[in-house]
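These notes are about the structure you will find just below.
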Amino acid sequence: MYNKVRNIYISNRKHLFVLVALLPGLLIACANNNSLIGTLTITEPIGSTRNLEYVEVEIPVDQLPSQDKALFLKSKNGERIKGQILQRKKESSGYTISCLFPINIQAHKKVKYDMIMAEDKVISTDLKVEGEGLELMIENNYYVANLTSKMATVKNEIGAGQLVSLTLKSFGNQMLKRANINMHWAPSFQKKGLDYKTMAHLRKYDSVFIDKGLHQSTIYRSGKVEGYEEIQLKGQYQFYAGLPYFIFSSSIIMEDNVLLTMLRNDEMTMDSLFTHAMFPLPNGEIKKASLYDKPPLSSHYSIKELRKTPINANAKWFCFYNDSLKYGFGSIRIHYDYTNADGAQSPMLNPETRISYARAEGRYWDRRFLFSETDSLIIPKGSRYTEKNAYVIFKINPENPAKEMEELYIKLTQPVLVKYDNYIK
């Protein structure tokens, strides 16, 4: 099946990502004239049941599917899982199709599917996208994500395409937001004497790709912020049907030497909607910090105490939660890479994950590569800071508040094993 994109806006010479998502677990009735093209074997490697996981498969084919055909996984009992094409590559003989499929698998199990090409079927998911260009509202059964320019003013100079607010549908439609600015405020950077700028200030793009997909919606932007032309920014959201999280991937690339006083990423700033922060220490111990009151327990920090014992910049996950209302929102650090163009470490100054105070009792967290109230640091040409984070909505387990974050971290960083055997020679 060719990519059927309802609304794509591209502004430049080329786009860097061609992404379409997939359907979480819909089963399609059998069709005639099926073509068996290979087999897919999936293995769960770590003893963690996956109720929904997405697998990407590269499939060599003699010819691309016509518009009335699609790719399916067929199980032993005849059930079918429809995939959706991410990318098509012309090879010397035939094509290679990258296709994404939703699967579920029990702990330590191995499952084998036939890969078939069969008659396409119109299907729907819980993923809905409204709006044009970057002025988007994205919704599934867990949340409503607002990426519009709702908070834009002449003074703050921010635009659409960055997360403004997140409505938690399973928690009485509680809206996570910041009263006067966007909620997601990263990547961000500052020069001495200039205003602090973020990805939301990116207005002149060298690439924009928007896919309002059936199963995954993707928003990609790249370019440079005025006054910070040395810094090339790339950022991509991926929103999914059937999952309580979205993913944001970003790269900060220095195309020339630049003198900065601040450089950071993974920043979420919100009103007084949470009571605590929670994070793992390098030794695996889970620590908590009270966001407003003095810590009542020895296992808790205060925000001021965290200035003396900073949270590791590469803590595997970090979250805020509301102890009374039992909702949590956090960042799982799936991947990060700070090597420069020569393979060496890009420079950092006082790196940490920090909780900070904001106006009107707001609180925010961020991941800092460079921060100093007195010093600047030259970041050389070729320096790069790349990361991929999953932003997760979860319910607090009173007996083990960290349970959901710990389990999802394991699943996202240790995916199922995929082996494809092709029948087409």
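Numbering follows the working numbering, with no gaps: position 234 of the sequence shown is 230. Every residue gets a Cβ at the ideal spot worked out from N, C-alpha and C, and that includes glycine.
Three-state secondary structure (DSSP) of residue i
{"i": "residue -2", "result": "For residue -2, the predicted structure reports a pLDDT of 32, less than 50, and the residue's modelled location is therefore unreliable. The matter cannot be settled from this model."}
{"i": "residue 224", "result": "coil"}
{"i": "residue 135", "result": "strand"}
{"i": "residue 155", "result": "coil"}
{"i": "residue 404", "result": "helix"}
{"i": "residue 200", "result": "coil"}
{"i": "residue 174", "result": "coil"}
{"i": "residue 206", "result": "strand"}
{"i": "residue 144", "result": "coil"}
{"i": "residue 399", "result": "helix"}
{"i": "residue 189", "result": "coil"}
{"i": "residue 75", "result": "coil"}
{"i": "residue 8", "result": "Note that residue 8 scores 37 on pLDDT, short of 50, meaning its location in the model is unreliable and no value can be drawn from it."}
{"i": "residue 163", "result": "strand"}
{"i": "residue 409", "result": "helix"}
{"i": "residue 63", "result": "coil"}
{"i": "residue 414", "result": "strand"}
Residue i and residue j closer than 7 angstroms at C-beta
{"i": "residue 79", "j": "residue 58", "result": "no"}
{"i": "residue 334", "j": "residue 381", "result": "yes"}
{"i": "residue 397", "j": "residue 348", "result": "no"}
{"i": "residue 389", "j": "residue 50", "result": "no"}
{"i": "residue 386", "j": "residue 351", "result": "no"}
{"i": "residue 253", "j": "residue 377", "result": "yes"}
{"i": "residue 202", "j": "residue 218", "result": "yes"}
{"i": "residue 229", "j": "residue 190", "result": "no"}
{"i": "residue 243", "j": "residue 234", "result": "yes"}
{"i": "residue 221", "j": "residue 188", "result": "no"}
{"i": "residue 96", "j": "residue 416", "result": "no"}
{"i": "residue 160", "j": "residue 176", "result": "no"}
{"i": "residue 359", "j": "residue 287", "result": "yes"}
{"i": "residue 311", "j": "residue 275", "result": "yes"}
{"i": "residue 179", "j": "residue 313", "result": "no"}
Separation of residue j from residue i, as counted between CA atoms
{"i": "residue 122", "j": "residue 135", "result": "8 angstroms"}
{"i": "residue 375", "j": "residue 340", "result": "13 angstroms"}
{"i": "residue 13", "j": "residue 298", "result": "Only weak support is given to the placement of residue 13: the predicted model assigns it a pLDDT of 35, under 50, and the value that follows is read from those uncertain coordinates. Taking the straight line joining both Cα atoms gives about 42 angstroms."}
{"i": "residue 32", "j": "residue 113", "result": "7 angstroms"}
{"i": "residue 184", "j": "residue 379", "result": "15 angstroms"}
{"i": "residue 264", "j": "residue 147", "result": "15 angstroms"}
{"i": "residue 272", "j": "residue 308", "result": "18 angstroms"}
{"i": "residue 216", "j": "residue 133", "result": "15 angstroms"}
{"i": "residue 269", "j": "residue 326", "result": "13 angstroms"}
{"i": "residue 371", "j": "residue 130", "result": "37 angstroms"}
{"i": "residue 61", "j": "residue 173", "result": "44 angstroms"}
{"i": "residue 44", "j": "residue 411", "result": "10 angstroms"}
{"i": "residue 251", "j": "residue 108", "result": "47 angstroms"}
{"i": "residue 504", "j": "residue 332", "result": "For residue 504 there is no data in the structure shown, the boundaries of the chain being -3 and 421."}
{"i": "residue 181", "j": "residue 81", "result": "32 angstroms"}
{"i": "residue 76", "j": "residue 65", "result": "14 angstroms"}
{"i": "residue 407", "j": "residue 324", "result": "18 angstroms"}
{"i": "residue 223", "j": "residue 165", "result": "39 angstroms"}
{"i": "residue 240", "j": "residue 391", "result": "11 angstroms"}
Identified DSSP bridge partners for residue i
{"i": "residue 194", "result": "184"}
{"i": "residue 98", "result": "50"}
{"i": "residue 128", "result": "131"}
{"i": "residue 311", "result": "Beta-bridge pairing links residue 311 to no other residue."}
{"i": "residue 303", "result": "Bridge partners of residue 303: none, in fact."}
{"i": "residue 31", "result": "113"}
{"i": "residue 56", "result": "92"}
{"i": "residue 218", "result": "203, 230"}
Min CB distance residue i to chain D below 7 angstroms
{"i": "residue 397", "result": "Chain labels in this structure do not include chain D; a single protein chain is all it has."}
In chain order, what are the residue ranges of uninterrupted beta strand (DSSP E) at least 3 long that sit wholly in the stretch 322 to 387?
323 to 333, 348 to 353, 359 to 367, 373 to 375
Whole beta strand (DSSP E) elements within the stretch 220 to 291, 3-residue minimum
227 to 236, 241 to 250, 254 to 256, 258 to 266, 272 to 276, 282 to 286
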